[in-house]
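Okay, structure first, notes after.
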Amino acid sequence: MASHLKNDIASTHTESNDKDVLKFLTCGSVDDGKSTLLGRLIFESANVYGDQLESAIQESRLYGTTEDKLDFALLLDGLQAEREQGITIDVAYRFFETEKRKFVAADAPGHEQYTRNMVTAASNCEAAIVLVDATKGVIQQTKRHSFLASLLGLKHIILAVNKMDLVNFDNSIFEAISDSFRSFANTLDFDDVICVPICALKGDNICVISGEMEWYSGSTLLSLLEAIDTGKNKSDAPFRLPIQWVNRPSREFRGYCGNIASGTLRPGDIVMSSLTEQRSKVKEIFAPYGNADEAVPGLSVTITLTDEIDLSRGDVLTKDPHNIVPANHFASHIIWMAEQKLIKGRPVIVKFCADETSGQVTEIKHLIDINSMNKSPGNELSNNEIGYCKIALDRPTAFESYNENKITGSFILIDKLSNETVGAGLVAHSLDRSQNISWHGMAIKKEQRALKNQHKPGVIWLTGLSGSGKSTIADALEQKLFALGYKTYTLDGDNVRHGLSNDLGFTEADRVENIRRIAEVAKLMVDAGLIVITAFISPFISERDYARQIIADDEFLEVFVDTPLEICEARDPKGLYAKARSGKLKNFTGIDSEYQQPPNPEIVLKSENKTPEELAEQVLEHLIPMTKL
C-alpha cells in the first residue's frame with residue numbers, strides 16, 4: 000500500500016507540473032469589487048464545488064448584499080468578520096485552472112491598515128489585476144497598490160475598470176481612466192500594462208466578450224491571464240536552498256531540510272555553503288513522496304551530502320556563489336507596518352528566510368510619497384510608510400538583491416521586545432564597505448588591562464527622570480571608586496551633548512541615536528579596562544537593552560534612580576519642567592515624552608530620603624564583587 004501511495008503522490012506531483020502556473024494578485028481600493036471579480040472568474044471557469052456553491056447561495060440570502068442573486072464575493076471572503084462587514088481583511092487564496100493554465104489567485108485587502116497582508120500576497124505573485132471603480136477612477140489606493148506591486152517585482156499589470164454598468168458602458172470614461180493609470184504606471188517598473196473594461200457582477204468581459212461594449216476590441220480578462228508570459232523560469236535561475244533545519248535523528252544520518260527557492264538539484268551536484276564556501280556533493284534527495292531524482296523550486300526537501308561541512312540553519316546552499324555573498328551592511332526598501340515608528344539606530348531583529356540576527360537601521364535616506372512618487376528626507380518611518388534605508392547587521396548573512404531572487408532578497412523586521420513583525424524589506428544591494436571592515440584585535444587584551452588595574456572593567460548605567468539625581472549619584476560614586484584606586488570615567492548627559500552629540504536635538508529619533516553613541520563609547524571604554532559610569536535619562540527600554548547586549552552580561556549594571564515625577568519637578572534645578580509645562584520646551588521626558596521604567600534593573604535607588612553618598616554606597620556594594628579579579 001505504501002508503494003502505491005508513493006507512486007500516486009509522485010504521479011500527482013508530476014501531473015501538477017504539466018501545466019504552467021500563474022500566481023496573480025487582485026488589488027485596489029475598498030469596494031472596487033476584487034472579491035466579486037475573483038468569485039465570478041472561478042465560477043465561470045467551472046472551478047466551484049457544489050457544496051461551496053450551495054453555501055454561497057444560502058449566505059447570499061442571509062446577508063442580502065445582492066438581493067436574490069449569488070454574491071460571488073462570498074466564494075472568496077472566508078472570515079466571519081469579512082462576511083459581516085462586506086470587506087476583505089485577510090488574503091484569500093483560490094486555486095483554479097483552465098485547459099491552458101493553472102492559477103493561484105490572491106485577493107488582497109483594500110484597506111490601508113491591512114497593507115502587510117497585501118505585501119505578503121504580492122511577494123509571491125508574478126502578475127496583478129488592479130481594479131478601479133469606473134465611477135471613481137484612479138485614486139490614492141490604486142496608486143499605492145500599484146507602487147507596491149512594482150516594488151515587489153510584479154511585471155505584468157492588468158487594469159480592470161470595473162462597474163462599467165454604472166457609467167452606462169461609456170467608452171470615453173474607460174479611455175480617460177486608462178490614460179490616467181498609464182500615465183502613472185509609466186513611472187513604475189512594469190513590463191506591460193493592459194486595460195480591460197469589465198462588470199464583475201454581471202460577468203461582462205470576464206470569460207465572455209460583453210455585448211454591452213461593442214467598442215472594446217480586446218480580449219476577455221481570463222484570456223489575458225492565460226496569455227501572460229512570465230518569462231524567466233525559477234528552475235533556470237541559480238540554485239538556492241535556504242536551510243531551515245538540520246535533521247540528525249542518529250549519528251549515521253545528517254539531513255539538511257528546506258524549501259528550494261530557485262534552480263534545480265540532482266544527486267551528484269556539487270553544492271556549497273554561502274557563508275563558509277565549503278563544498279560537497281549531493282548524495283540523496285528526499286521529497287514528500289520519497290527519493291527524488293530531481294528537486295525543483297517550491298519543493299520541500301531533505302538532502303544528504305557526501306561530506307560533513309559547516310552548514311546550519313540560516314545558511315543558503317548554492318551551486319553558483321555569484322551575487323550571494325555574506326555581508327553585514329546593505330541598502331533596502333522597507334515597508335513599515337507598526338504603530339510604533341521605525342527610528343534610525345533602534346535595534347531590531349532582521350530575518351532572512353531562517354536566519355535571524357540583530358541589526359539596526361543606520362540611515363533612512365529618504366521616504367517615498369506614493370501619490371507623487373517624490374522622495375523626501377526623514378529620520379523615521381510611520382505605519383504604512385515606505386523608506387529607502389541602510390541596515391547594519393551584527394554578523395554577516397547570506398542574501399542577494401530582491402531583483403535577483405525574491406526569496407533570498409527579502410526579509411522581515413521583528414521588534415526585539417514584543418517579538419512582533421513590524422516591517423518588510425527588499426534588498427537593493429550590498430554595501431561594499433561592509434565586507435572590508437573587520438574588528439582588529441590588539442596585542443594588549445582587556446584581561447591584561449584588568450590585571451594591570453587590579454579590577455575588572457564594567458558599566459554602571461544610571462537611568463531616571465531629569466532631576467532624579469543621576470549625575471549627583473554618579474559623581475559621588477566615582478569619587479568613592481577613585482579613592483579606592485579604581486580606574487573610572489563618568490559619561491554625563493550634558494557633557495556628551497557638548498561634543499559627541501552636539502549635532503542632535505531631543506526628538507525621539509535623536510535620543511535613540513544619542514544613547515546608541517553612548518553605548519558604543521562605553522563599550523570601547525570597557526575594552527580599555529575602565530569602570531564607566533553613565534548618567535543619562537535614556538528613556539526607552541530598547542536603547543538600554545541595546546547597551547546591555549553589546550556589553551558582556553557580567554560587565555553591566557542597570558541602576559534605576561526611582562525618583563517620583565513630583566519630586567523631580569519640585570527640584571527642577573534647570574527650570575526645565577517649568578518650561579515644559581508652559582509649552583516652551585517640547586519632547587520633555589515625563590511631561591510630553593514617555594519614560595519607560597526598567598522592568599528588571601539590577602539596582603533600584605529610592606532617592607527621596609537618602610543622600611547621594613548613601614545611594615552611591617548601595618551601588619558600590621553590587622559593583623565591588625562584580626569587578627573583583
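The numbering of the sequence shown is numbering that gives the first Met the number 0, which starts it at 0 and goes up by one. Every residue, glycine too, gets a C-beta built ideally from N, C-alpha and C.
Decide if E593 is buried, meaning its Cβ has at least 16 other Cβ atoms within 10 Å, or exposed.
Position 594 of the sequence shown, counting from 1, holds the residue named residue 593. Counting Cβ neighbours within 10 Å, E593 comes out exposed, since fewer than 16 surround it.
Would K374 be called buried (16 or more neighbouring beta carbons within 10 Å of its own) or exposed?
On the sequence shown, position 375 is the one that residue 374 refers to. It is exposed - the Cβ of K374 has fewer than 16 other Cβ atoms within 10 Å.
In terms of residue numbering, what span does the alpha helix (DSSP H) encompassing I686 cover?
No answer is possible for residue 686: it lies beyond the span of the chain, which begins at 0 and ends at 628.
In this structure, how does DSSP classify I517 when only helix, strand and coil are distinguished?
As a position in the sequence shown, residue 517 is number 518, starting the count at 1. The answer is helix: DSSP assigns I517 an H, G or I state.
Does the Cβ of D474 lie closer than 7 Å to at least one heavy atom of the ligand ADP?
Among the components of this structure there are no ligands whatsoever, and the ligand ADP is therefore not found.
Between the beta-carbon of T407 and the beta-carbon of A521, is there less than 8 Å?
On the sequence shown, residue 407 is found 408 positions in, with the first residue counted as 1. On the sequence shown, residue 521 is found 522 positions in, with the first residue counted as 1. No, Cβ-Cβ distance for T407 and A521 is not below 8 Å.
Please determine, among C206, E211, L480, the residue with the shortest C-alpha to C-alpha distance to L220.
Position 221 of the sequence shown, counted from the start, is the residue given in the question as residue 220. The option with the nearest alpha carbon to L220 is C206.
Can you tell me which of the three DSSP states D76 falls into?
By one-based count along the sequence shown, residue 76 stands at place 77. Low local confidence applies: a pLDDT of 47 at D76 is under 50, so the model's placement there is unreliable, with the coordinate-based value given in what follows. Three-state DSSP puts D76 in coil, outside helix and strand.
Exposed or buried, which one is S171 when buried takes at least 16 other CB atoms within 10 Å?
Numbered from 1 along the sequence shown, position 172 holds the residue referred to as residue 171. S171 is exposed by the Cβ-count criterion.
Buried or exposed: I302, going by 16 or more other Cβ atoms within 10 Å of its Cβ?
What you label residue 302 is simply residue 303 of the sequence shown in a count that begins at 1. Under this definition I302 is a buried residue.
What three-state label does DSSP hand M524 in the structure shown?
Within the sequence shown, the letter at position 525 stands for residue 524. In this structure, M524 counts as helix in the three-state DSSP scheme.
Just mark K364 as buried or exposed, buried being the case when its beta carbon has 16 or more other beta carbons within 10 Å.
As a first step, residue 364 is located in the sequence shown; it is residue number 365 there, counting from the start. Flag for K364 reads exposed.
By DSSP, does F168 sit in helix, in strand, or in coil?
If you number the sequence shown from 1, residue 168 lands on position 169. Coil.
Could you tell me the boundaries of the alpha helix (DSSP H) in which Q359 lies?
As a working note, residue 359 is residue 360 in the sequence shown. Run containing Q359: none in the alpha helix (DSSP H); it sits in the beta strand (DSSP E), 354-367.
E477 to A546, Cα distance in whole Å?
The residue labelled residue 477 in the question sits at position 478 within the sequence shown. The residue labelled residue 546 in the question sits at position 547 within the sequence shown. Between E477 and A546, the C-alpha separation is close to 20 Å.
When burial is assigned at 16 or more other CB atoms within 10 Å of the CB, is F481 buried or exposed?
In the sequence shown, counting from the first residue as 1, residue 481 sits at position 482. Its Cβ having fewer than 16 others within 10 Å, F481 is exposed.
Report the residue ranges of all alpha helix (DSSP H) runs contained in full by the stretch 138-166; include only those spanning at least 4 residues, in chain order.
List check, alpha helix (DSSP H) in window: 139-150.
Beta carbon of V160, beta carbon of I197: below 8 Å?
Here residue 160 corresponds to residue number 161 of the sequence shown, with the count starting at 1. Here residue 197 corresponds to residue number 198 of the sequence shown, with the count starting at 1. A contact, by the Cβ cut-off of 8 Å.
If you reduce the DSSP assignment to three classes, tell me which class H328 lands in.
One-based indexing of the sequence shown puts residue 328 at position 329. DSSP places H328 in strand when its eight states are reduced to three.
In the DSSP assignment, find the unbroken alpha helix (DSSP H) run with Y545 in it and report its ends.
Locating residue 545 in the sequence shown gives position 546, counting from the first residue. 540-549 is the span of the alpha helix (DSSP H), which, as asked, contains Y545.
What did DSSP end up calling T35 once you bin it into helix, strand or coil?
Residue 35 sits at position 36 when you count from the first residue of the sequence shown. T35 falls in the helix class under three-state DSSP.
Does the Cβ-Cβ distance between T361 and I390 come in under 8 Å?
Along the sequence shown, read from residue 1 onward, the residue named residue 361 stands at position 362. Along the sequence shown, read from residue 1 onward, the residue named residue 390 stands at position 391. In contact: T361 and I390 (Cβ atoms closer than 8 Å).
Any chance the stretch 448-457 sits against the stretch 423-432, with 3 or more Cβ pairs inside 8 Å?
The stretch 448-457, when compared against the stretch 423-432, does not touch it at the 8 Å Cβ threshold.
According to DSSP, is D19 helix, strand or coil?
Position 20 of the sequence shown, counted from the start, is the residue given in the question as residue 19. Here D19 sits in coil by DSSP.
What is the rounded straight-line gap between the Cα of Q264 and the Cα of G289?
Looking up residue 264 in the sequence shown gives position 265. Looking up residue 289 in the sequence shown gives position 290. It should be pointed out that residue 264 corresponds to Leu in this sequence rather than to Gln. The straight-line gap from Cα to Cα measures roughly 15 Å.
Rounded to whole angstroms, how far is the Cβ of W335 from the Cβ of S299, which I believe are closer than 8 Å?
As a position in the sequence shown, residue 335 is number 336, starting the count at 1. As a position in the sequence shown, residue 299 is number 300, starting the count at 1. With 8 Å as the limit, W335 and S299 do not qualify as a contact, their Cβ atoms being about 31 Å apart.
Suppose the cutoff is 7 Å on Cβ atoms and the five residues either side in sequence are ignored; what does the same chain contact list for I227 look like?
Your numbering for residue 227 matches position 228 in the sequence shown. Correct list, in chain order: L21, A126, H155.
Measuring only the C-alpha atoms, how far is F285 from C256?
On the sequence shown, residue 285 is found 286 positions in, with the first residue counted as 1. On the sequence shown, residue 256 is found 257 positions in, with the first residue counted as 1. Going from the Cα of F285 to the Cα of C256 covers about 9 Å.
Taking DSSP as the reference, what is the three-state secondary structure of L641?
With the chain running from 0 to 628 in the structure shown, residue 641 is simply not present.
With distances taken Cα to Cα, identify the nearest neighbour of L461 among I342, F535, E276.
The residue you call residue 461 lines up with position 462 of the sequence shown. Considering only alpha carbons, the answer is F535.
Going by beta-carbon coordinates alone, are A579 and F587 separated by less than 8 Å?
Stepping through the sequence shown from its first residue, residue 579 is reached at position 580. Stepping through the sequence shown from its first residue, residue 587 is reached at position 588. Contact flag set, yes.
Among M441, S279, S470, L150, which residue has its Cα nearest to the Cα of N494?
Taking the first residue of the sequence shown as 1, we reach residue 494 at position 495. The shortest Cα separation from N494 among M441, S279, S470, L150 belongs to S470.
Work out the CA separation of Y387 and N367 for me, nearest whole Å.
As a position in the sequence shown, residue 367 is number 368, starting the count at 1. As a position in the sequence shown, residue 387 is number 388, starting the count at 1. Residue 367 is actually Ile in this sequence, not Asn. Their Cα atoms are separated by approximately 8 Å.
Flag this pair as touching only if the stretch 506-517 and the stretch 322-339 have three or more C-beta atom pairs under 8 Å; answer yes or no.
The stretch 506-517, when compared against the stretch 322-339, does not touch it at the 8 Å Cβ threshold.
So L604 and L614 are in contact, right, with Cβ under 8 Å, and what is the actual spacing, rounded?
By 1-based counting over the sequence shown, the position of residue 604 is 605. By 1-based counting over the sequence shown, the position of residue 614 is 615. With 8 Å as the limit, L604 and L614 qualify as a contact, their Cβ atoms being about 5 Å apart.
Measuring CB to CB, does K296 end up less than 8 Å from V281?
Along the sequence shown, read from residue 1 onward, the residue named residue 296 stands at position 297. Along the sequence shown, read from residue 1 onward, the residue named residue 281 stands at position 282. Sequence check: residue 296 is Pro here, not Lys. Cβ atoms of P296 and V281: not closer than 8 Å.
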